[in-house]
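Visitor: Could you have a look at this structure, given as structure tokens, before my questions?
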Amino acid sequence: MARTVPTLPYRKPGFWRRLRTGNLSDGQLAVLLLLPALLTLAAVMLYPMLTVLWQSLHFNRLNQPFRGTPFIGLDNFRRMLWGDGLQWNASHLLWLRLVGLAALAPLAWAVRRRWLSRFAGVVLALALVLVFGYLLGFHPGAGGRWTDSRFWNSFSITMLIIVASVAGSFLVGLPLALLANVESRLRWLGRVALLLPWAMPRVFAGLTFAWLFQSQYGVINDVLRRIGLDGPLWLARVGPAIAAVNITIVWKTSSFVGLILLAGLQSIDASLYEAAVVDGANAWQRFWRITLPLLRPSIAVALIFRTLTAIQTFDIPFAMTRGGPGRSLETLGVYIYNSTLALNIGYAAALSVVLFLISLAITIFYLRWIYTE
Amino acid sequence: MRYVAVRLGLLLMIVNGLFPAVWLFLTSLKTENELTRIPITYLPLHATLHNYVAVFTANPFARFLLNSAVVSLAATLVCVLFASLAGYALARLRLRGRKAILTAIVMTSMFPALVMLVPLYRLFVGAEVPLLTPLFGYLHALGWGFLPTTVLTPNLLNTYWALIIPYVALSLPITTLILTSFFQLIPEDLESAATVDGASRVGALYRVVAPLSAPGVVTAGIIAFVNSWNEFLLALTFNTATTMRTVPVGITLYQGEFAFPWALISAAVTIGIVPLVLLILFFQQRIISGLTAGGVKG
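This is the structure:
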């Protein structure tokens, strides 16, 4: 008589059991491991990005709670461009606006018929907008609507800092990287000198240079005096202050560019140089024909990160002059901070949206540039 | 000739990098009177440590140091933990679209941190919670009267949390990138050998991968620490109480409306730089390799 052993149907162990015994499938484990990082990023990066968009369409002054937070559409942006006093008059120069719009139509048509490349179309459209915008009065200077707009001022100083400091940090960073790559007994000290500006907080760099640039007791004006020059009142005049802040930013950020480029240099195969020497290339030719072309990816990375941080310039102008003299160094970052400090949350959010759009545009521009290369 | 040029260049580079810090140190040794002499003195006439004492008595600077240390270390620990979990998953596990996930994580570092300022301020000040508040309001209307009508986030301003949370997120992209590329370097055979020998997957992770990945973790940790130690804008906006300020924000306290007590400021800045200089001296090669992992792959 055969004894039948009751066979239990196989049951797959549950999720928690498999977790405890370490037998999760790859996908499940991966989701579990990625979850903390993704949740943090979603909460601190994604959520702000979405709410800031929503906030920018609202009136919200924390110091005037009785006014509530009504939806005001694009009014924050209007205030940015036109200022508080000027109201846009719907019939103002209507014919000029219609002509401008009419000029865009054939352009779109030409792009559609492939007579123009899309790139050329975009550039021409931008040029048209600029020209007609100028005619309509959207320009700084005499007679323009942006003459005393605080936004226009911070926008232009931010753009100036982006161009000047990115170019400057690249021009200083490249020689730094080349020097840090040379075999020498002093190389370790050179690398410390390369790392220190990177590791130094931006505020500290700003304070340090504010002291170096101090007009009476600062070391820079002292050296100039010894040469026989009369140094300016660096931080009290608009022009010199802009120069001083840019020099500080270049000092602080060129080491980051140098470090990225140093990595690129170290990944270049040394045999290429040996072959070039055999072929009789001099140092200059080796630099132009081997080093620079092979350094291209690193240069692109350095430029992208530098530009994106330059848009957010806040610490150094704030530490050096608090955005002064006057409002001459009030970058977009300082402006956002000042608006938040004034508890004008809706307006600060609108400024943040503009900042975000600028960095998005620059990122897209760089990415297209990299992918077409 | 070439040798001389390189030597000269290196010398210039060293002066460029170190002179501001050295000058700051010299300034911190001078008395306030000596700083306002014309012509200015280069080496201190009567070197004194008086300023370093005054730094701690004029403001609660020890408290600033403590705040900075707590916030930076906590943010670094959490960040490295999250990043190594994510990095392991992205480097090792078969997962559809892991490259896209890594790209998305890295792309968030292009997101301007300034934009976080307003929303996070609103959230930390004790605002309505995005999903819960409307939901609770709805449930309340349905008659679930014991539920609160509005759900507010706790007021996190002037606490360590207000800084730790955003700092973790700020350093997550770069540390995840570093650790992912580091895990990819560890041969997969080691892990499968451990599994064959009877270790479970988690056991293999713990016994084989974790010890091997220590250098990468240290690198990522240093970069996260430096990032958190240096952050200024969020600390300035979120933690306004004097006792909750971090070092970079605290030092701006020494700066009056019109007067700049430079001797004090330079002593305070010198103290604030010391941890960073130590990190550079001991971990020079690690930092460079860490930054370059981000640079080459990104």
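Protein sequences appear in the order of chains Y and U.
For the first sequence, the residue numbers in the working numbering are 414 to 786.
For the second sequence, the residue numbers in the working numbering are -3 to 294.
Ideal Cβ placement from N, Cα and C applies to all residues, glycine included.
Are Val766/Y and Leu459/Y closer than 8 Å when you measure CB to CB?
Guide: Locating residue 766/Y in the first sequence gives position 353, where the first residue counts as 1. Locating residue 459/Y in the first sequence gives position 46, where the first residue counts as 1. No, these two residues do not count as a Cβ contact at 8 Å.
Visitor: Looking only at its chain, what residues have a beta carbon closer than 7 Å to the beta carbon of Thr233/U, apart from the 5 residues adjacent to it on each side?
Guide: As a position in the second sequence, residue 233/U is number 237, starting the count at 1. Only Leu113 and Tyr117 meet the Cβ criterion.
Visitor: For Ala456/Y and Ala612/Y, what's the separation of their Cα atoms in angstroms?
Guide: To locate residue 456/Y, count along the first sequence from 1; it is residue 43. To locate residue 612/Y, count along the first sequence from 1; it is residue 199. Cα to Cα, Ala456/Y sits roughly 28 Å from Ala612/Y.
Visitor: Using a threshold of 8 Å, state whether the C-beta atoms of Ile182/U and Ser209/U are closer than that.
Guide: Along the second sequence, one-based indexing puts residue 182/U at 186. Along the second sequence, one-based indexing puts residue 209/U at 213. Closer than 8 Å, so yes.
Visitor: Is the number of C-beta pairs between the stretch 209 to 222 of chain U and the stretch 69 to 89 of chain U that are closer than 8 Å three or more?
Guide: Short answer: they touch.
Visitor: Assuming Leu166/U contacts Glu227/U under a Cβ cut-off of 8 Å, what Cβ separation, rounded to an integer in Å, is found between them?
Guide: In the second sequence, residue 166/U corresponds to position 170, counting from 1. In the second sequence, residue 227/U corresponds to position 231, counting from 1. Right, the Cβ-Cβ distance comes to about 7 Å (below 8 Å), so this counts as a contact.
Visitor: Taking the alpha-carbon positions, what's the Gly486/Y to Phe120/U distance?
Guide: Working through the first sequence from its first residue, we reach residue 486/Y at position 73. Working through the second sequence from its first residue, we reach residue 120/U at position 124. Cα to Cα, the separation comes out at about 25 Å.
Visitor: Considering only the beta carbon of each residue, do Ile729/Y and Thr661/Y sit closer than 8 Å?
Guide: As a working note, residue 729/Y is residue 316 in the first sequence. As a working note, residue 661/Y is residue 248 in the first sequence. Yes, they are a contact pair.
Visitor: Check whether the Cβ of Thr734/Y lies closer than 8 Å to any Cβ atom in chain U.
Guide: On the first sequence, position 321 is the one that residue 734/Y refers to. Judged by the 8 Å Cβ criterion, Thr734/Y is not in contact with chain U.
Visitor: With a Cβ-Cβ cutoff of 8 Å, do Gly83/U and Thr172/U count as a contact?
Guide: Residue 83/U sits at position 87 when you count from the first residue of the second sequence. Residue 172/U sits at position 176 when you count from the first residue of the second sequence. Yes, the Cβ-Cβ distance between Gly83/U and Thr172/U is below 8 Å.
Visitor: Measure the C-alpha to C-alpha separation of Ala508/Y and Trp522/Y and round it to an integer number of angstroms.
Guide: Counted from its first residue, the first sequence places residue 508/Y at position 95. Counted from its first residue, the first sequence places residue 522/Y at position 109. According to the sequence as given, residue 508/Y is Trp; it is not Ala. Cα-Cα distance, rounded: 22 Å.
Visitor: Which residues share a DSSP beta bridge with Phe367/Y?
Guide: Outside the displayed span of chain Y (414 to 786) sits residue 367/Y, for which this structure offers no information.
Visitor: Using beta-carbon positions only, say whether Ala237/U and Ile160/U come within less than 8 Å of one another.
Guide: As a position in the second sequence, residue 237/U is number 241, starting the count at 1. As a position in the second sequence, residue 160/U is number 164, starting the count at 1. Contact flag unset, no.
Visitor: Could you tell me which uninterrupted alpha helix (DSSP H) segments, each at least 4 residues in length, are contained entirely in the stretch 538 to 610 of chain Y, listed from first to last along the chain?
Guide: Those alpha helix (DSSP H) runs which fall completely within the stretch 538 to 610 of chain Y and span 4+ residues are 563 to 593.
Visitor: Could you please give the first and the last residue of the uninterrupted alpha helix (DSSP H) stretch that includes Arg615/Y?
Guide: Residue 615/Y sits at position 202 when you count from the first residue of the first sequence. Per DSSP, Arg615/Y belongs to the alpha helix (DSSP H) from Arg615 to Leu625.
Visitor: Would you grab the beta carbon distance between Pro483/Y and Phe472/Y for me? Rounded to a whole angstrom, and I think it's under 8 Å.
Guide: Looking up residue 483/Y in the first sequence gives position 70. Looking up residue 472/Y in the first sequence gives position 59. At roughly 5 Å, the Cβ-Cβ gap stays under 8 Å, so Pro483/Y and Phe472/Y are in contact.
Visitor: Is there contact here, the stretch 745 to 755 of chain Y with the stretch 720 to 734 of chain Y, by at least three beta-carbon pairs under 8 Å?
Guide: The stretch 745 to 755 of chain Y is in contact with the stretch 720 to 734 of chain Y.
Visitor: Hey, how far is the Cα of Thr420/Y from the Cα of Gly440/Y?
Guide: Within the first sequence, the letter at position 7 stands for residue 420/Y. Within the first sequence, the letter at position 27 stands for residue 440/Y. Going from the Cα of Thr420/Y to the Cα of Gly440/Y covers about 31 Å.
Visitor: Taking 8 Å as the threshold (C-beta atoms), are Gly619/Y and Ala732/Y in contact?
Guide: Within the first sequence, residue 732/Y is the residue found at index 319, counting from 1. Within the first sequence, residue 619/Y is the residue found at index 206, counting from 1. Their beta carbons are under 8 Å apart, which means Ala732/Y touches Gly619/Y by this criterion.
Visitor: Looking at C-alpha atoms only, which residue of Arg781/Y, Ala606/Y and Arg510/Y is the closest neighbour of Tyr547/Y?
Guide: For the purposes of this step, residue 547/Y is taken as residue 134 along the first sequence, with counting starting at 1. Out of Arg781/Y, Ala606/Y and Arg510/Y, Arg510/Y has the C-alpha closest to the C-alpha of Tyr547/Y.
Visitor: Please report the straight-line C-alpha distance between Leu708/Y and Trp782/Y, rounded to a whole angstrom.
Guide: Your numbering for residue 708/Y matches position 295 in the first sequence. Your numbering for residue 782/Y matches position 369 in the first sequence. The alpha-carbon atoms of Leu708/Y and Trp782/Y are separated by roughly 15 Å.
Visitor: Give the residues of chain Y in contact with Ile269/U, contact being defined as C-beta atoms less than 7 Å apart.
Guide: Locating residue 269/U in the second sequence gives position 273, counting from the first residue. Simply Met613 and Phe617.
Visitor: Considering only residues of the same chain and omitting the five flanking positions on each side of Pro738/Y, which have a CB-CB separation below 8 Å?
Guide: The residue you call residue 738/Y lines up with position 325 of the first sequence. Excluding sequence neighbours, Pro738/Y sits near Leu648, Ala649, Arg650, Val651 and Ala654.
Visitor: Please confirm whether Pro211/U has its beta-carbon closer than 8 Å to some beta-carbon of chain Y.
Guide: For this step, residue 211/U is matched to residue 215 along the second sequence. No, no contact with chain Y.
Visitor: Give the secondary structure of Asn757/Y by DSSP, where H, G and I count as helix, E and B as strand, and everything else as coil.
Guide: Taking the first sequence and counting its residues from 1, the one referred to as residue 757/Y is at position 344. Three-state DSSP puts Asn757/Y in a strand.
Visitor: Roughly how far, in whole angstroms, is the beta-carbon of Leu31/U from the beta-carbon of Ala259/U, given that I think they are within contact range, below 8 Å?
Guide: What you label residue 31/U is simply residue 35 of the second sequence in a count that begins at 1. What you label residue 259/U is simply residue 263 of the second sequence in a count that begins at 1. Yes, Leu31/U and Ala259/U are in contact; Cβ-Cβ is about 6 Å, under 8 Å.
Visitor: Measure the beta-carbon distance from Pro108/U to Ser711/Y and round it to whole angstroms, keeping in mind my assumption that it falls under 8 Å.
Guide: The residue given as residue 108/U occupies position 112 in the second sequence. The residue given as residue 711/Y occupies position 298 in the first sequence. Pro108/U to Ser711/Y, Cβ: 23 Å. No contact.
Visitor: Does the stretch 55 to 70 of chain U touch the stretch 195 to 205 of chain U, meaning 3 or more C-beta pairs lie closer than 8 Å?
Guide: No, the stretch 195 to 205 of chain U does not touch the stretch 55 to 70 of chain U.
Visitor: Using the C-alpha atoms, what's the distance from Arg563/Y back to Leu277/U?
Guide: In the second sequence, residue 277/U corresponds to position 281, counting from 1. In the first sequence, residue 563/Y corresponds to position 150, counting from 1. Cα to Cα, the separation comes out at about 44 Å.
Visitor: With burial defined as no fewer than 16 other Cβ atoms inside 10 Å of the residue's Cβ, what is the status of Val243/U: buried or exposed?
Guide: Counting from one through the second sequence, the residue named residue 243/U turns up at place 247. Answer is buried; the Cβ neighbour count reaches 16.
Visitor: From the DSSP output, in three-state form, read off Leu41/U for me.
Guide: Counting from one through the second sequence, the residue named residue 41/U turns up at place 45. Coil.
Visitor: How far does the alpha helix (DSSP H) with Glu28/U in it extend, from its first residue to its last?
Guide: Position 32 of the second sequence, counted from the first residue, corresponds to residue 28/U. Taken as a continuous stretch (DSSP letters only), the alpha helix (DSSP H) holding Glu28/U covers Glu28 to Leu31.
Visitor: On the CB-based measure, 16 or more other CB atoms within 10 Å of its CB, does Ile101/U come out buried or exposed?
Guide: Looking up residue 101/U in the second sequence gives position 105. Classification of Ile101/U: buried, given that the 10 Å Cβ count is 16 or more.
Visitor: What's the C-alpha gap between Ala676/Y and Ile284/U?
Guide: In the first sequence, counting from the first residue as 1, residue 676/Y sits at position 263. In the second sequence, counting from the first residue as 1, residue 284/U sits at position 288. Roughly 8 Å between the two C-alpha positions.
Visitor: CA-CA distance, Thr155/U and Trp225/U?
Guide: Position 159 of the second sequence, counted from the start, is the residue given in the question as residue 155/U. Position 229 of the second sequence, counted from the start, is the residue given in the question as residue 225/U. Whole-angstrom Cα-Cα distance: 16 Å.
Visitor: Measure the CB-CB distance between Ala606/Y and Gly13/U and report whether it falls below 8 Å.
Guide: As a working note, residue 606/Y is residue 193 in the first sequence. As a working note, residue 13/U is residue 17 in the second sequence. A contact, by the Cβ cut-off of 8 Å.
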